[in-house]
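Chains as they are written, first to last, in my numbering: chain A, 16 to 341; chain B, 110 to 307. This report concerns only the one structure given below.
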């Protein structure tokens, strides 16, 4: 393992301090906790998200005007504990309620739910949404449901916009759930990632292989196949997404997993936009970059979000955070 | 009667067993999960030992174990084991010693807590596949050794079924043939109880 770190156990702590020192105008760290909150608390419904670390800039980099109010960072790829999430809820609550945006993993859901119960016991109004946009995982009685992946960023963006505009908790939740219902993602990798504490990659890939249907925790995907060209890979991923629901008017997110050059993400996007145009699907907005990463994994995910006027309004609203501005 | 000293001894024995076997638990989890079960449980029970309020009653001690696990383990095991111990603590609040019946009632609360928190039932390749058969044996008047045997049979059973809960569920049929790490760690806890009963 070759990493620019001091000690695997100190990575999250040192990273959070590093973020807070770099961007004091955006965020501050809650002393004694693995939590980043807005530098200036806002008087509105608050959004809290988080999960295991290793997905930077998610979620700390998305704390700021028009998006999140607090982000809770667990150990690398491990859900944060309820007491940490509870502290974040208490810190950001302005008396108007808090919406938890949870990615659909067993541990995340349980820890955030326990935190919500703790907050409710203290009289704080809390509600939650669970993002499950990954079409690679079967949504059936036989699994815990689809994983929450890059589509989560669009939930932060659009629900965050409505919260910023003064919407009530129930309304912010309704918008978030509409985004979740309309968003689909598919991911793939050409190189795995290494969790610092584990010291070795989550899986091995030969030079001519790729892993399709990958999640964001270095876990193996749904199948392995010979490496193809970027266009062929994009076709395969889009095929899976377009088979899952109807799309007419979309936002596109081509998300890098951390180790893939932005150059290659644009290569993928070039074809994604062409294919959508050829199918008569209108691309309203395209976002390309590293938003929901998997440490240094090489690969990308493609996300499509079906839009209506309400979601477009949220997408276009002002956002000013470390990693996402518009 | 089961004394407070016995309860404390069992908790310390569980911590010692996890200290010995945490790498094994992690190896089991690397195959079908995300490979952190042993690491997380080890961190949790190390903290449990540091914070154990030995001068308090049995209920308060178990509640403290649960709170510590919830705030240190993370992942799925933290909320599940944490809830189980906290539920037992609530049931046994104020007790300095307990009967076998009271203990079994507390175990019932623990199982109910795990089911509620994890939205799980038996047969989904989880903690419950070892814990529930063991509890059934005890409730039918069986010995602790027989209960441990039932839990071990439960571990073997988890090798034959598809995981439908937790990250292992993403593997679908590929999870068959591998034992569940949670069923394994709960059996380790039952063994500590069985040894104390001798």
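Glycine included, every Cβ here is placed at the ideal spot set by N, Cα and C. Values in this document were obtained by computation on a predicted structure and should not be read as measured data.
For the stretch 83 to 96 of chain A, the set of residues with a beta-carbon nearer than 8 Å to any beta-carbon of chain B comprises 89, 90, 92, 93, 94, 95 and 96, in chain order.
Put simply, the CB of residue 213 of chain A is near chain B, with a gap under 8 Å to one of its CB atoms. By the beta-carbon neighbour count (other beta carbons within 10 angstroms, threshold 16), residue 280 of chain A is buried. Residue 107 of chain A and residue 84 of chain A do touch by the CB rule: their CB atoms are close to 4 Å apart, below 8 Å. When secondary structure is reduced to three states using DSSP, residue 97 of chain A falls in the helix class.
With respect to residue 198 of chain A, residue 80 of chain A sits apart: the two C-beta atoms are not nearer than 8 Å.
Contact residues of the stretch 184 to 206 of chain B toward chain A are 184, 185, 186, 187, 188, 189, 191 and 192 (C-beta to C-beta distance below 9 Å). Using a Cβ-Cβ cut-off of 8 Å, residue 266 of chain B is close to nothing in chain A; its nearest Cβ partner there is about 17 Å away.
Per DSSP, residue 304 of chain A is one residue of the beta strand (DSSP E) stretching across 297 to 304. Burial is judged here by how many other beta carbons sit within 10 angstroms of a residue's own beta carbon; residue 235 of chain B has at least 16 and is buried. Residue 257 of chain A places its beta carbon 8 Å or farther from that of residue 302 of chain A. Taking residue 148 of chain B as the centre and dropping the five residues before and after it, the same chain places the C-beta of 131 and 135 closer than 8 Å to its C-beta, in chain order. Each of A/39, A/212, A/57 and A/134 was checked against the Cα of residue 144 of chain B, and the nearest Cα belongs to A/212. In the structure shown, residue 182 of chain B adopts coil according to DSSP, grouped into three states. Three or more pairs of CB atoms, one per stretch, sit closer than 8 Å, so the stretch 109 to 128 of chain A contacts the stretch 172 to 187 of chain A. In terms of beta-carbon proximity, residue 135 of chain A stays away from the interface with chain B, with every pair separated by 8 Å or more. Contact between residue 103 of chain A and residue 87 of chain A holds, since their C-beta atoms are separated by about 5 Å, short of 8 Å. In this chain, the beta strand (DSSP E) harbouring residue 238 of chain A covers 238 to 241. Note on residue 125 of chain A: 16 or more other CB atoms within 10 angstroms of its CB, so buried under the neighbour-count rule. For the pair residue 306 of chain B and residue 122 of chain B, the Cα-to-Cα distance works out to about 13 Å. Cβ contact annotation for residue 249 of chain A (same chain, cutoff 6 Å, sequence separation greater than five): 283, 286 and 287, in chain order.
Interface annotation for the stretch 210 to 231 of chain B against chain A: 226 and 227, criterion Cβ-Cβ distance under 8 Å. Residue pairing of residue 44 of chain A in beta bridges, as defined by DSSP: A/51. If one requires a minimum length of 3 residues, the beta strand (DSSP E) runs lying completely within the stretch 50 to 133 of chain A are 50 to 53, 61 to 68, 85 to 91 and 113 to 118, in chain order. In the DSSP annotation of this structure, the continuous segment of the beta strand (DSSP E) that includes residue 270 of chain A starts and ends at 264 to 271.
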